[in-house]
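Using our numbering, the letters of the sequence shown correspond one by one to residues 15 to 85.
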Amino acid sequence: MTVHRIEQPINGRVYQIEAMLVDPERWRAYLVSVPGGSTALMPFYGSTAEQAVQQLTDWLTLAHQGSTVPV
């Protein structure tokens with residue numbers, strides 16, 4: 015099993031991300047669970063480890079942005 019582990023800083027917080035080869039040309043990237051943390055898995059897929067990690071990183075970046083819609 016091929017697994018890449020990286021630390022990715024996003025908006026001042028460091029995330030532990032793993033990318034795992036799941037098919038010959040398909041990678042799955044997901045956040046690494048920390049002890050006592052959530053066990054939810056929200057994978058992102060790509061044809062390379064870098065592509066899968068980038069999709070996850072892009073989503074986390076968007077999730078950390080505040081709403082731009084006035085209330």
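The C-beta atom is built at its ideal place from N, Cα and C for all residues, glycine as well.
Residue environment: Leu76 is assigned as exposed (fewer than 16 neighbouring CB atoms within 10 Å of its CB, all protein chains considered). Taking a 10 Å sphere around the C-beta of Val17, we find fewer than 16 other C-beta atoms and assign the residue as exposed. Here DSSP, grouped into helix, strand and coil, assigns Gln68 to helix. Take the alpha-carbon of Leu74 and the one of Pro57: they are about 12 Å apart. Here the alpha carbons of Ile24 and Gln65 stand approximately 16 Å from one another. Setting aside the 5 residues that flank it on each side, His78 is surrounded in the same chain by Asn25, each with a C-beta closer than 6 Å to its C-beta; the list follows chain order.
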